[in-house]
Amino acid sequence: MATDNKKPKTESNKKSPCATAEQIEAYRSQFLEPGEVGDRKGIFVPRELVDRLKMSVPLLGIEGLTIGVFVTRILLKHLSGNADILNTLMEKGKKKARL
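Each residue of the sequence shown is one higher than the one before, counting from 3 in our numbering.
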């Protein structure tokens with residue numbers, strides 16, 4: 003009886019780049035421009051996230067881009083893009099606030 007020595011196929015964690023030049027430029031202009039955070043306040047995020055950002059942001063090679071600037075831009079985009087949903091949810095809550 004012959005045995006099958008073939009190893010099962012597994013998916014690689016590596017994905018080939020598939021973003022268009024336009025998508026890359028749009029992302030760059032939204033999130034990867036150097037800037038200032040201004041007045042700061044600490045927040046708690048998982049250590050794993052901070053470690054990933056510490057490795058990733060410097061690899062982008064953009065002078066003046068910091069983890070704080072990158073995260074601030076992502077959060078501002080999220081809040082503005084979801085303002086209607088968040089405002090609706092907050093109206094249902096006990097405290098009234100609007101974004």
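Positions of the beta carbon are idealized from the N, C-alpha and C atoms, including for glycine.
What you are looking at is a predicted structure, and each value in this text was computed from that prediction instead of being measured.
Burial state of residue i (16 or more Cβ within 10 Å)
i	result
Phe46	exposed
Val52	exposed
Spatially closest choice to residue i from the options, by CA coordinates
i	options	result
Val39	Gly66, Ala28, Leu62 and Leu91	Gly66
Leu62	Leu34, His80, Glu93 and Lys94	Leu34
Arg36	Arg42, Val59 and Arg49	In the sequence under discussion, the amino acid at residue 36 is Pro, which differs from the Arg named in the question. Checked all of Arg42, Val59 and Arg49; the closest Cα to Pro36 is Val59.
Proximity test, Cβ basis, 8 Å: residue i and chain C
i	result
Glu27	Structure shown: chain C not included; a single protein chain is present.
Reduced DSSP secondary structure (H/G/I, E/B, other) of residue i
i	result
Glu93	helix
Gly66	coil
Exercise for the section: Ignoring anything shorter than 4 residues or poking outside the stretch 15-60, list the alpha helix (DSSP H) runs there in chain order. Expected result: For the stretch 15-60, whole alpha helix (DSSP H) runs of length 4 or above, ordered along the chain, are 23-33.
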